[in-house]
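In full-length UniProt numbering, the protein residues as written are 1 to 566.
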């Protein structure tokens, strides 16, 4: 009999290999996130689909989910810290403070009110506990915004960094929101607030920040010391990078050490990544190694396949839990619309990293819910007994969190292609209407025919340059053709570039204007014809540049890029 572990490894390995062959097409042409594809694969091969593997058969599903999610988040937040520019947290402390303090408080309270309103049988404190699970934005899903072809082409660099930094920091800052609700449910208010201050804010948050900064600082100094004295070779340098910035080993070291003393290991990982690359030296040295991307892809694909296979489908319509699909659908829609967007739009003028309304709209919309919500759900149910006074809240938190994850993967994973298709359709309509309009630049050009004078842009009053027949200028002696200014062209139509030796003089006499048909003159006329044939349509060039500017260009400004997709 084939073991579940072997079958699971075969499915994961086969999916990663096949997806790797078409990953460029999926990301750069279809603009689909890897999280969306992996979740669909997990659903297809999990209990709901082919039922080839079921993670619940591995043992304690909650414990496995918690540790798997912890490792995946730790890798992502460390990678986020390493990827940020020099001293980014200090330079953008004001913008991050706006997003992390009033932003997270709003996300927590607004989500709690929606849960309390739509899910029967919950009091407000229980709603606060459930909403705290999906208050943080997810760094795994956020990577679909800050990485990839579309992001590089359309999302401004400073917005990508801001989303990356915020998603890394607030995943570690989810503990205060969760445990404030938990303590208020379990003990009197005064005792709960006191324990929350000294155990969560001081011990969990402050201590983990100090530990992460010290570990990152020491690691950076040690690596520089070894590299400057030629004590480390290239291979060992990359192994060191894997241990502290990429692979699970570095996360396990920091995560395990901080977890042993009971502090916030996720926040410690993020701060350690920032401290390790505070001077940008390590990031620049390893920017072409792509180690982080390799490990991130492996773990992220595996994590979302796992999520797809563990979705509690039956619980979504469990009447004993007072749940129904319409309640969950309405909750998901309202949470995605009201959880993050209003507070970002209300406070973006106080955040220097967000330059205008369009950037605020983009930043506010992308607040994905993913692996972080899964991790905090497993931490939350640890705090309550199965048959305790809050048993109902303990039972409904799993289906609510999973439904929110599915909604976010579906919406945020497909927002990029919808934005792209919308901007493409807009450009197509604009281009079609422009080319079919009777006032476009080509239709405004004068039609050249035999005997019709061609006027230079710089000619005034008269012109003595006539059309040609078989390469010989046709002179109309004694006739001065004045420039008709009664119906001037809407735009400058034609510019003729002519050599200096045959430049037309505006005050030429009648005798001077009559050409001689000697061999030398004919040669000059042929040269004049060759020169005059180089006609430059200035307005047409501008129109072409305008159309080209509508296409995707990495060198465009942030507001122009976001204009295309918003």
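C-beta atoms are modelled at their ideal positions from N, C-alpha and C, and glycine is treated no differently.
Small disclaimer: the values here were computed from a predicted structure and weren't measured.
Check: Residue 231 - DSSP class collapsed to helix/strand/coil; Outcome: coil
Check: Residue 316 beta carbon less than 8 Å from that of residue 217; Outcome: no
Check: Assigned secondary structure, residue 51 (DSSP; H/G/I helix, E/B strand, else coil); Outcome: coil
Check: Host alpha helix (DSSP H) of residue 62 (start-end); Outcome: 61–83
Check: Touching by the beta-carbon criterion (3+ pairs, under 8 Å), the segment 75–82 and the segment 266–277; Outcome: yes
Check: 8 Å Cβ cutoff met for residue 366 and residue 163; Outcome: yes
Check: Through-space distance from residue 362 to residue 570, alpha-carbon basis; Outcome: Outside the modelled stretch of the chain, which goes from 1 to 566, sits residue 570, for which no answer is possible.
Check: Buried or exposed by the 16-neighbour rule on C-beta atoms within 10 Å, applied to residue 360; Outcome: buried
Check: Close Cβ partners of residue 212 (< 6 Å) along its chain, the five nearest in sequence each way excluded; Outcome: 268, 271 and 272
Check: Same chain only: Cβ atoms within 7 Å of residue 12, ignoring 5 sequence neighbours per side; Outcome: 302 and 305
Check: Beta-carbon gap between residue 308 and residue 138 smaller than 8 Å; Outcome: no
Check: 8 Å CB neighbourhood of residue 108 in its chain, flanking five on each side removed; Outcome: 128, 131, 132, 135 and 177
Check: Closest by C-alpha distance to residue 408, when choosing among 33, 7, 10 and 22; Outcome: 33
Check: Nearest neighbour of residue 89, chosen from 233, 279 and 56 [CA to CA]; Outcome: 279
Check: Among 393, 175 and 400, the one whose alpha carbon lies nearest that of residue 124; Outcome: 393
Check: Residue 326 versus residue 333 - alpha carbon distance; Outcome: 11 Å
Check: Closest by C-alpha distance to residue 104, when choosing among 385, 146, 364 and 382; Outcome: 364
Check: Burial state of residue 38, where buried means 16 or more other Cβ atoms lie within 10 Å; Outcome: buried
Check: Backbone CA spacing between residue 187 and residue 112 [nearest angstrom]; Outcome: 20 Å
Check: Backbone CA spacing between residue 160 and residue 320 [nearest angstrom]; Outcome: 43 Å
Check: Assumed close pair residue 72, residue 299 - CB separation to whole angstroms, cut-off 8 Å; Outcome: 5 Å
Check: The segment 329–346 contacting the segment 45–65, beta-carbon criterion three pairs below 8 Å; Outcome: no
Check: Anticipated Cβ contact below 8 Å, residue 220 with residue 179, distance rounded; Outcome: Not a contact, Cβ separation roughly 32 Å.
Check: Chain-order list of residues whose beta-carbon lies under 6 Å from that of residue 396 (same chain, five-residue window excluded); Outcome: 321
Check: Nearest-angstrom beta carbon gap, residue 175 and residue 204 [assumed within contact, 8 Å]; Outcome: 5 Å
Check: Close-in-space but distant-in-sequence residues of the same chain around residue 251 (CB under 7 Å, 5 per side omitted); Outcome: Residue confidence for residue 251 is low, a pLDDT of 45 falling below 50, so the modelled location carries little weight; the figure read from the coordinates is stated next. These residues qualify, in order along the chain: 71, 74, 75, 78 and 269.
Check: Own chain residues within Cβ distance below 6 Å of residue 140, not counting five before or after; Outcome: 76, 300, 370 and 371
Check: Cβ neighbour criterion (16 or more within 10 Å) applied to residue 485; Outcome: Interpretation of residue 485 is limited by its pLDDT of 46, a score under 50 that renders its predicted location unreliable; the figure taken from the coordinates is listed afterwards. Counting Cβ neighbours within 10 Å, residue 485 comes out exposed, since fewer than 16 surround it.
Check: Contact set for residue 339: own chain, Cβ-Cβ below 6 Å, skip 5 residues either direction; Outcome: 107, 110 and 111
Check: Residue 480, buried or exposed, once every other Cβ within 10 Å from all chains shown has been counted against 16; Outcome: Here residue 480 scores only 44 on pLDDT, less than 50, and its place in the model should not be relied on; the value that follows carries that caveat. It counts as exposed.
Check: Rounded C-alpha distance that separates residue 406 from residue 169; Outcome: 23 Å
Check: Where the alpha helix (DSSP H) through residue 158 begins and ends; Outcome: 157–172
Check: Residue burial classification, residue 50 (beta-carbon count within 10 angstroms, cutoff 16); Outcome: exposed
Check: Endpoints, alpha helix (DSSP H) assigned at residue 121; Outcome: Here residue 121 belongs to no alpha helix (DSSP H), and DSSP marks it neither H nor E.
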